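Student:
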Amino acid sequence: MKVSKNWLNEYLTLDIEPKVIAEKIARTAVEIDSVKRPSEGLKKIVVGYVDSLVPHPDSDHLSVCQVDVGEEELIQIVCGAPNIAAGQKVIVALPNSRIADNVKIKRGKMRGQASEGMICALQEIGFSESVVPKEFVEGIYVMPEDAVPGEPVFDYLGMNDDIIDIDVTPNRADMLSMRGVAHELSADYDVPATFKHPDLKETSDEKIEDYISLALPDKTLAPTYSMRVIKDLTVKASPMWLQIRLWNAGVRPINNVVDVTNYMLMDYGQPLHAFDYNKLGSKDILVRTANAGEKITTLDTEERELKDSDIVITNGDKAIAIAGTMGGESTQITNETVTVALESAVFNNSMVRKTARSQGIHSEASMRFERGINVATVQESLDAAAELIAELGDGTVVTGTASASRLEAESTFVDTTTTHLNNVMGTELSETQITKLFQQLGFTVTTRGSVLNVEVPARRWDISIEADLVEEIARIYGYDNIPSTLPTGEMTPGKYTYKQKLIRQARHILESAGLSEAISYGLTTEEKAGKFIFEEKDVYTTNLMFPMSSERTTVRMNLISGLLDDLSYNEARKSDNIAFYEQGRVFFRSEGEDRPVEIEHIAGAMTGLFKLANWQSDKQPVDFFMIKGVVEQLLTQLQLTDDVTYVASESHEDMHPGRTADIYLKDELIGFVGQVHPNAAKEFNLKETYVFELDLQKLVDAKKEERLFAPISKFPAVTRDVALMVANESANSDIETLIKEQGGKHLINIHLFDLYQGSHIESGMKSLAYTLTYQDATKTLVEEDVTKDFNRVIEALKETFKADIR
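Taken in order, the sequence shown gives residues 1 to 806; the numbers are from full-length UniProt numbering.
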């Protein structure tokens with residue numbers, strides 16, 4: 001919102017530097033983007049009168065002009081503008097002048113002809129092209145007739161005004177108008193603000209009912225909707241004062257009708273729209289929602305397909321404007337317009353917001369409708385606009401206002417107390433001081449005992465609760481006047497909880513195993529959310545009501561899907577050997593519950609080579625035993641008291657049925673590990689991939705052994721090797737469990753160092769070879785102790801597994 005200091009001076013007297021005013025606004029209300037005077041840095045730019053011109057003898061587009069710049073003699077300037085003509089008053093940059101971007105203009109020659117300066121376009125003296133009137137965009141600007149040759153152009157063009165560009169936040173939409181800013185500064189500096197109100201004179205020979213019949217079946221679309229008609233007018237360029245007001249506010253002047261609607265937009269903050277009445281094709285105006293697929297060509301000449309959530313203004317049948325965002329091309333104001341139907345309304349803000357986003361139309365009008373409108377000035381701004389259009393266009397206003405709905409402006413009443421205000425702010429303001437601050441804001445205060453009943457006018461629709469009143473008093477009193485104190489209280493050292501420590505430990509273990517941390521989205525598709533679930537009870541997905549995209553509709557119920565997306569992303573970029581893990585929350589919802597529960601999980605995914613080949617060793621591809629070893633390392637280092645077992649499983653639809661195992665802690669399922677089913681891997685464009693996922697919350701809750709450290713034994717260890725042939729169905733884990741049970745107190749390690757299946761061995765059998773390590777921390781073992789324990793293991797293997805010791 002660009003605020004003109006000259007415009008502000010019409011509402012309140014502030015003999016204060018603009019930069020000081022800007023700082024005050026920044027400290028009490030909203031941020032300031034910039035403060036500048038358009039003429040700053042420019043010099044020796046004056047009004048010139050083109051006395052005569054002739055074509056340049058050596059150019060087909062240049063003209064040699066004789067220009068009066070208020071000196072005794074005319075000066076010669078060569079100009080290439082296509083719209084230059086004799087008799088025009090123009091902008092002239094004299095020799096040694098400075099124009100926009102600090103460019104210096106010097107005397108010179110253009111194709112042999114002397115040029116004593118430059119005839120300028122508005123853009124060349126610092127105007128943005130977006131505010132230059134369209135007829136002058138491609139050429140030089142023609143000054144008004146009353147401009148005196150030789151005088152500086154700055155006052156004629158409003159360039160000696162100071163412009164404060166404020167960045168209005170959504171909660172202070174009341175400041176999206178000159179009057180709103182004036183109210184704010186009136187409160188800040190405790191000076192009265194005075195505003196002009198329309199004195200509308202209507203014609204008595206015709207009434208609004210003869211022109212307009214409004215229909216609004218659903219008043220939630222537009223709580224206020226009114227129209228006036230101005231007839232017998234002439235559409236022409238606006239007077240200079242109005243053009244200056246608009247371009248200093250960042251708006252391009254168009255004609256006296258459209259310019260007035262934009263002027264009222266900036267003055268009152270009320271969007272208005274003008275229709276060419278004779279192009280409506282009907283006196284019936286119907287406000288409704290669009291039909292799906294209905295089309296309209298808007299003022300930007302773009303044909304738009306509407307949705308059934310868009311509000312449209314129609315002539316009873318056909319859409320002629322998109323409410324709150326942009327008018328239609330078919331009813332736009334042109335130089336042939338003689339009768340105008342002027343609209344003022346308050347539209348449903350959420351519907352306007354949806355329309356603006358879906359259609360890509362973010363206008364000054366839509367922004368104000370989205371953030372809120374001062375309902376107290378809807379009719380006043382309509383009357384003021386009708387009065388000014390009639391004045392500038394030599395027209396008359398038809399008697400009466402057509403209204404389909406009208407939302408009455410109501411004050412908001414909020415209670416507070418002096419004690420509460422002082423307690424929150426840490427001040428000692430008296431009731432009289434607080435009342436005075438409320439009165440500066442334009443609020444009325446009524447005292448009932450210790451309670452202050454504050455009446456907030458409709459123009460401050462952002463205030464509704466007691467906390468809002470505290471903020472208002474604090475900012476007007478001055479944040480820098482509020483005493484500062486240091487917080488007091490007992491200091492407590494910060495530390496991680498047990499759960500946080502264990503989660504971090506789990507991460508460090510996986511990172512030490514060679515996995516890198518990945519972070520994926522907590523939202524996914526419903527299909528991916530339902531994969532890789534190992535919960536023992538029925539769980540249900542949780543979908544978002546308004547997802548940001550079709551890929552983010554459902555909260556995740558597993559971490560593996562996200563990791564597979566990460567693997568796929570990396571493989572698509574030629575990164576083939578990947579080992580990722582992720583720790584995060586998954587969300588399970590039980591039947592009949594609205595909200596899911598959040599559970600900590602940890603998962604990993606590996607593909608490609610775990611170790612590359614080199615001169616010393618062969619390459620090592622990821623396989624089931626590799627990822628199972630990672631899981632075992634994690635669970636071992638967490639020092640779980642209960643036994644961990646791995647049970648082959650075919651119950652996971654998205655996992656390989658022969659290379660997947662459920663993981664149990666005692667009798668409780670805590671996760672699974674295995675190979676992703678080839679069909680599932682193909683969906684993610686992945687090669688052979690192995691994953692695991694664990695319920696980390698169950699690991700947090702599980703019993704754990706206290707980690708005890710003991711010195712390494714100084715006595716030697718004794719090893720025994722044993723090779724046995726057993727049935728293929730015999731599991732290594734079961735064999736190792738039996739060896740531990742029968743190995744005696746000196747057995748400290750079991751190592752499987754060979755597995756053989758194939759020729760020279762009986763069909764259905766396999767050969768396993770183990771190294772058993774014995775050691776005593778207090779003495780050197782003797783042969784008899786080791787042999788006795790070892791033989792007990794051999795006998796147990798023969799009896800339990802029918803093992804053939806080799």
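For every residue, glycine included, the Cβ atom is placed at its ideal position computed from N, Cα and C.
Here the structure is a predicted model, which is why all the values come from computation and not from measurement.
#1: Identify the continuous alpha helix (DSSP H) that holds residue 631 and give its terminal residues.
#2: Based on DSSP bridge pairs, tell me the residues matched to residue 655.
#3: Measuring CA to CA, which of 146, 721, 583 and 17 is closest to residue 518?
#4: Note down, one range per segment and in chain order, each beta strand (DSSP E) of at least 3 residues found wholly within the stretch 10 to 75.
#5: Looking only at its chain, what residues have a beta carbon closer than 7 Å to the beta carbon of residue 267, apart from the 5 residues adjacent to it on each side?
#6: In three-state DSSP terms, what is residue 610?
#7: Since residue 505 is in the beta strand (DSSP E), which residue starts that stretch and which ends it?
#8: On a CA-only basis, which of 59, 318 and 288 is nearest residue 308? Give me that one, please.
#9: Quick check: the stretch 664 to 684 against the stretch 694 to 702, are at least 3 beta-carbon pairs closer than 8 Å?
#10: Thinking just about the alpha-carbon of each residue, which of 685, 281 and 472 is nearest to the one in residue 573?
#11: In angstroms with no decimal places, state the Cα-to-Cα distance between residue 419 and residue 505.
#12: Pick out whichever of 561, 536 and 151 has its Cα sitting closest to the Cα of residue 526.
#13: What's the call for residue 428, buried or exposed, on a 16-neighbour Cβ count within 10 Å?
#14: In the DSSP assignment, what residue or residues form a beta bridge with residue 152?
#15: Counting C-beta neighbours from all protein chains within 10 Å, is the total for residue 21 16 or more, i.e. buried, or is it exposed?
#16: Quick one, are the C-beta atoms of residue 774 and residue 751 less than 9 Å apart?
#17: For residue 729, which of helix, strand or coil comes out of DSSP?
#18: Please give the ranges of any beta strand (DSSP E) in the stretch 174 to 225, keeping only runs that are unbroken, at least 3 residues long and fully inside the region.
#19: Here's the rule I'm using: 16 or more other beta-carbon atoms within 10 Å means buried, otherwise exposed. How should residue 484 be labelled?
#20: Which residues in the same chain as residue 335 place their Cβ atom closer than 7 Å to its Cβ, once the five residues preceding and following it in sequence are excluded?
#21: Just curious, the beta strand (DSSP E) that residue 581 is in, first and last residue?
#22: Cutting at 7 Å between CB atoms, please list the residues of its own chain near residue 377, excluding the five before and the five after it.
#23: For residue 115, which residues in the same chain have their Cβ closer than 8 Å to its Cβ, ignoring the five residues on either side in sequence?
#24: Report the partner residues of residue 275 according to the DSSP bridge assignment.
#25: If you follow the alpha helix (DSSP H) that residue 289 is in, where does it begin and where does it stop?
#26: Pop quiz: residue 455 and residue 413 are said to be a contact at Cβ under 8 Å. What is the actual Cβ separation, rounded to whole angstroms?
#27: Do three or more CB pairs link the stretch 613 to 631 to the stretch 711 to 723 at distances below 8 Å?
#28: Taking the DSSP output, what are the residues bridged to residue 749?
#29: Please report the straight-line C-alpha distance between residue 258 and residue 239, rounded to a whole angstrom.
#30: Are the CB atoms of residue 634 and residue 704 within a distance shorter than 9 Å?
#31: Let me confirm a value: residue 498 is counted as buried when at least 16 other C-beta atoms fall within 10 Å, else exposed. Which label applies?
#32: In whole angstroms, give me the CA-to-CA distance for residue 211 and residue 37.
#33: Taking a contact to mean a Cβ-Cβ separation below 9 Å, would you say residue 6 touches residue 161 in this structure?
#34: With a 10 Å radius around its C-beta and 16 neighbouring C-beta atoms as the bar for buried, classify residue 556 as buried or exposed.
#35: Going by Cα to Cα distance, which pick from 739, 726, 742 and 748 is closest to residue 716?
#36: Report the CB separation of residue 249 from residue 261 in whole angstroms; it is logged as a contact under 8 Å.
Tutor: Quick look at the numbers:
#1: 624 to 637
#2: 676
#3: 583
#4: 31 to 36, 43 to 55 and 63 to 68
#5: Excluding residues within five positions, the ones whose Cβ falls inside 7 Å are 177, 178 and 179.
#6: strand
#7: Note, residue 505: premise wrong, no beta strand (DSSP E); alpha helix (DSSP H) at 498 to 512.
#8: The alpha carbon of residue 308 has as its nearest neighbour, out of 59, 318 and 288, the alpha carbon of 288.
#9: yes
#10: 685
#11: So the alpha carbons of these two residues sit roughly 51 Å apart.
#12: 561
#13: exposed
#14: 46
#15: buried
#16: Between residue 774 and residue 751, the C-beta spacing is not below 9 Å.
#17: coil
#18: 202 to 207 and 213 to 215
#19: exposed
#20: 235
#21: For residue 581, the uninterrupted beta strand (DSSP E) segment begins and ends at 578 to 588.
#22: Residues 268 and 270 of the same chain have their beta carbon placed closer than 7 Å to that of residue 377, with the five preceding and five following residues left out of the count.
#23: Cβ within range, chain order: 76, 77, 78, 107, 108 and 109.
#24: 341
#25: Premise fails: residue 289 lies in the beta strand (DSSP E), 284 to 289, not in any alpha helix (DSSP H).
#26: So it is a contact: roughly 6 Å between Cβ atoms.
#27: no
#28: 773
#29: 13 Å
#30: no
#31: exposed
#32: Each residue's alpha carbon lies about 46 Å from the other.
#33: A contact, by the Cβ cut-off of 9 Å.
#34: buried
#35: Answer by Cα proximity: 748.
#36: Approximately 13 Å separates the beta-carbon atoms of residue 249 and residue 261; this is outside 8 Å, ruling out the contact.
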